[in-house]
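1 is the number of the first residue of the sequence shown in the working numbering; add one for each residue after it.
Glycine included, each C-beta is placed from N, C-alpha and C at the ideal position.
Computed from a prediction, not measured in an experiment: that's the story for all the values here.
Contents: one structure, followed by commentary.
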Amino acid sequence: MNESAKHLDIGDHLERLRLRLQRADAVERPQPGTELKAAAVLVPLLRREGELHVLYTRRSDRLASHRGEVAFPGGRFDRRDPHLLAAALREAYEEVGIEPQAVDVLGCFEGRRTHSTDIMVTPFVGMVRGSPELRPDPKEVAEIFEVPLSALADPRHRGAHRWHRNGATSHRPAILYQRQVIWGLTYELTMRFLELILPPA
Numbered sequence: 001m002n003e004s005a006k007h008l009d010i011g012d013h014l015e016r017l018r019l020r021l022q023r024a025d026a027v028e029r030p031q032p033g034t035e036l037k038a039a040a041v042l043v044p045l046l047r048r049e050g051e052l053h054v055l056y057t058r059r060s061d062r063l064a065s066h067r068g069e070v071a072f073p074g075g076r077f078d079r080r081d082p083h084l085l086a087a088a089l090r091e092a093y094e095e096v097g098i099e100p101q102a103v104d105v106l107g108c109f110e111g112r113r114t115h116s117t118d119i120m121v122t123p124f125v126g127m128v129r130g131s132p133e134l135r136p137d138p139k140e141v142a143e144i145f146e147v148p149l150s151a152l153a154d155p156r157h158r159g160a161h162r163w164h165r166n167g168a169t170s171h172r173p174a175i176l177y178q179r180q181v182i183w184g185l186t187y188e189l190t191m192r193f194l195e196l197i198l199p200p201a
């Protein structure tokens with residue numbers, strides 16, 4: 001595939017996303033009293049050598065919840081945030097150093113609740129312009145990594161994660177890429193993102 005075709009493919013992907021995503025400004029601010037149960041994440045897209053990559057973090061092992069798990073940059077809504085998008089952009093800047101003004105927000109899609117803490121997480125998708133200098137916040141982020149869209153969509157990277165909780169073990173679906181295991185809520189959000197960005201089979 002030549003370079004121009006690769007770039008055309010990226011344009012097609014982004015246009016498909018714009019048409020399928022909800023408008024970011026249509027997401028309502030959390031109602032008073034519900035803010036502590038609201039969070040937002042950014043699904044950051046980067047252009048790398050003619051292909052789209054998706055950025056993830058691996059959370060610090062020192063965090064109180066979801067320690068060591070793969071996640072999108074993001075976090076809890078703060079009452080000072082004017083809306084959920086602002087929370088996602090603020091957290092992405094604090095956690096990995098992506099400047100809010102460098103993000104072309106494409107829209108959002110339906111959120112999910114965390115299984116263990118019952119927090120409603122709203123995902124926003126944004127194309128990051130240029131080549132940002134990423135810097136993990138050591139208090140929250142153990143590692144930043146990227147996965148090519150082609151790898152996320154490849155069935156050969158599907159597998160399972162063995163999850164231990166309250167003395168019981170279960171197997172959860174996962175994306176296995178290099179040393180990373182994408183499972184749980186982040187897996188669910190990633191799979192929904194793939195449905196939106198990829199053409200129908």
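_Close beta carbons around E133, own chain, < 7 Å, minus the five adjacent residues each side_ = Taking the first residue of the sequence shown as 1, we reach residue 133 at position 133. Hits under 7 Å: G97.
*Should D81 be labelled buried (16 or more other beta-carbon atoms within 10 Å of its own) or exposed?*
Within the sequence shown, numbered from 1, the residue matching residue 81 stands at position 81. Result: buried.
*Verify whether the separation of the beta carbon atoms of L149 and L19 is less than 8 Å.*
The sequence position of residue 149 within the sequence shown is 149, counting from 1. The sequence position of residue 19 within the sequence shown is 19, counting from 1. Remark: C-beta atoms of L149 and L19 do not approach each other more closely than 8 Å.
*asked:* Let me confirm a value: A174 is counted as buried when at least 16 other C-beta atoms fall within 10 Å, else exposed. Which label applies?
replied: Within the sequence shown, residue 174 is the residue found at index 174, counting from 1. Around the CB of A174, 16 or more other CB atoms lie within 10 Å, so the residue is classed as buried.
*May I ask you to verify whether the stretch 73-93 touches the stretch 152-159, counting CB pairs closer than 8 Å and requiring at least 3?*
Short answer: they don't touch.
*Quick one: what's got a C-beta closer than 6 Å to R58's C-beta in the same chain, skipping five residues either side?*
Within the sequence shown, the letter at position 58 stands for residue 58. Around R58: V70, A142, E143.
*Starting from the C-beta of E188, find all residues in its chain whose C-beta is less than 7 Å away, skip the five residues before and the five after it, and write them out in chain order.*
Taking the sequence shown and counting its residues from 1, the one referred to as residue 188 is at position 188. Contacts found: R112.
*Would you call L152 buried or exposed, if buried means 16 or more other Cβ atoms sit within 10 Å of its Cβ?*
Position 152 of the sequence shown holds residue 152. Classification of L152: buried, given that the 10 Å Cβ count is 16 or more.
*Take L46 and list the residues in its own chain whose beta-carbon comes closer than 7 Å to its own, dropping the five residues that flank it on each side.*
As a first step, residue 46 is located in the sequence shown; it is residue number 46 there, counting from the start. Within the same chain, and ignoring the five residues on either side of L46 in sequence, the residues whose Cβ sits closer than 7 Å to its Cβ are H53, L55, V128, E146.
*Could you tell me the boundaries of the beta strand (DSSP E) in which T122 lies?*
Numbered from 1 along the sequence shown, position 122 holds the residue referred to as residue 122. Residue range 120-128 is occupied by the beta strand (DSSP E) that includes T122.
_Output needed for V103: all residues of its chain with C-beta closer than 8 Å, excluding positions within five of it in sequence on either side, in chain order._
Walking along the sequence shown from the start, residue 103 turns up at place 103. Around V103, the same chain offers L42, P44, L89, A92, G126, M127, V128, R129 as residues with beta carbons nearer than 8 Å, after the five sequence neighbours per side are excluded.
_A26 to L84 span [Cα, whole Å]_ = The sequence position of residue 26 within the sequence shown is 26, counting from 1. The sequence position of residue 84 within the sequence shown is 84, counting from 1. Cα to Cα, A26 sits roughly 10 Å from L84.
_Terminal residues of the beta strand (DSSP E) in which D203 lies_ = This structure leaves residue 203 out entirely; the chain is present only between 1 and 201.
*Which residue comes first and which comes last in the beta strand (DSSP E) that contains R58?*
In the sequence shown, the residue the question calls residue 58 occupies position 58. In this chain, the beta strand (DSSP E) harbouring R58 covers 51-59.
*What did DSSP end up calling P155 once you bin it into helix, strand or coil?*
Position 155 of the sequence shown, counted from the first residue, corresponds to residue 155. P155: helix per DSSP, three-state reduction.
_Boundaries (first-last residue) of the alpha helix (DSSP H) holding R20_ = Here the question's residue 20 lines up with position 20 in the sequence shown. That run of the alpha helix (DSSP H) goes 3-20.
*For V27, which of helix, strand or coil comes out of DSSP?*
Within the sequence shown, the letter at position 27 stands for residue 27. In the three-state DSSP reduction, V27 falls in the coil class, being neither helix nor strand.
*Comparing alpha-carbon positions, which option in K37, E15, E95 lies nearest G107?*
Residue numbering aside, residue 107 sits at position 107 when the sequence shown is read from its first letter. For G107, the nearest C-alpha among the options comes from E15.
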